[in-house]
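In the working numbering, the protein residues as written are 10 to 164. The beta-carbon is built from N, C-alpha and C at its ideal position, and this holds for glycine as well. Since we're looking at a predicted model, the values are computed, not measured. First the structure, in the form of structure tokens, and then the observations on it.
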Amino acid sequence: MNAPTPSIRLKRDKVPPGEVLCDHCTAKCCHYFALPIDAPTTRKDFDYIRWYLLHDRATVFVEDSSWYLLVHTTCKHLRDDHRCGIYETRPQICREYTTDECEFDDDWCYDQYFETAEQIDEYADGLYGPQFPDPDRPERHSLRRPRPSGLPVVG
């Protein structure tokens with residue numbers, strides 16, 4: 010069975026009286042989870058975030074000065090009709106989640122949003138300078154060994 014698709018994107022205050030908000034939603038809340046992470050304060054901290062971003066479907070965002078790891082993954086119990094397949098035995102976090110403050114009509118804007126390792130590297134470079142040593146500036150050092158030079162060509 011295909012999931013019903015809301016024909017018009019309603020705003021929360023336009024849901025008809027007596028109807029359930031979830032009847033007009035595609036279960037945004039069941040397609041990701043976000044966990045708070047420590048705000049990076051060193052180049053090494055940014056390298057850990059880089060590691061997160063090297064994983065499929067992981068992003069990092071900042072909202073109100075708080076940093077979060079966002080994993081884009083769908084709950085394995087979400088049904089095609091956008092309803093919970095284990096509603097009666099769902100985890101406590103799901104039971105406490107209400108439609109009062111859900112992101113039903115949220116536009117998903119963050120203060121900062123990083124999707125790739127290159128983006129977080131570029132951001133850290135802006136704060137700390139380039140990560141890899143510059144042979145013309147030996148005072149710069151790296152958390153990692155320098156990139157290896159190419160192998161000699163044997164002819």
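CB Leu-87 to CB Tyr-41, shorter than 8 angstroms? Position 78 of the sequence shown holds residue 87. Position 32 of the sequence shown holds residue 41. Cβ distance not < 8 angstroms, so Leu-87 and Tyr-41 don't count as in contact.
Within the region 70 to 148, note down every full beta strand (DSSP E) run reaching 3 residues or more, in order along the chain. Qualifying beta strand (DSSP E) stretches, in chain order: 75 to 80 and 121 to 123.
For the putative contact between Glu-112 and Lys-37, defined by C-beta atoms under 8 angstroms, what is the C-beta separation to the nearest angstrom? For the purposes of this step, residue 112 is taken as the residue at position 103 of the sequence shown. For the purposes of this step, residue 37 is taken as the residue at position 28 of the sequence shown. With a Cβ gap of about 5 angstroms, Glu-112 and Lys-37 count as contacting.
Is it true that the CB of Phe-55 sits closer than 8 angstroms to the CB of Ile-129? The count along the sequence shown starts at 1 and reaches residue 129 at position 120. The count along the sequence shown starts at 1 and reaches residue 55 at position 46. A contact, by the Cβ cut-off of 8 angstroms.
Identity of the residues DSSP links to Ile-46 by a beta bridge: Against the sequence shown, residue 46 aligns to sequence position 37. According to DSSP, Ile-46 bridges with Trp-76.
Residues that Thr-51 bridges to, as DSSP identifies them: The count along the sequence shown starts at 1 and reaches residue 51 at position 42. For Thr-51, which the question treats as bridged, DSSP gives no partner whatsoever.
Cα-Cα separation, Val-24 to Leu-136: Taking the first residue of the sequence shown as position 1, residue 24 is located at position 15. Taking the first residue of the sequence shown as position 1, residue 136 is located at position 127. Using only the alpha carbons, I get a separation of about 46 angstroms.
For Ala-36, which residues does DSSP report across the bridge? For the purposes of this step, residue 36 is identified with residue 27 of the sequence shown, where counting begins at 1. Looking at the DSSP assignment, Ala-36 forms no beta bridge with any residue, so it has no partner.
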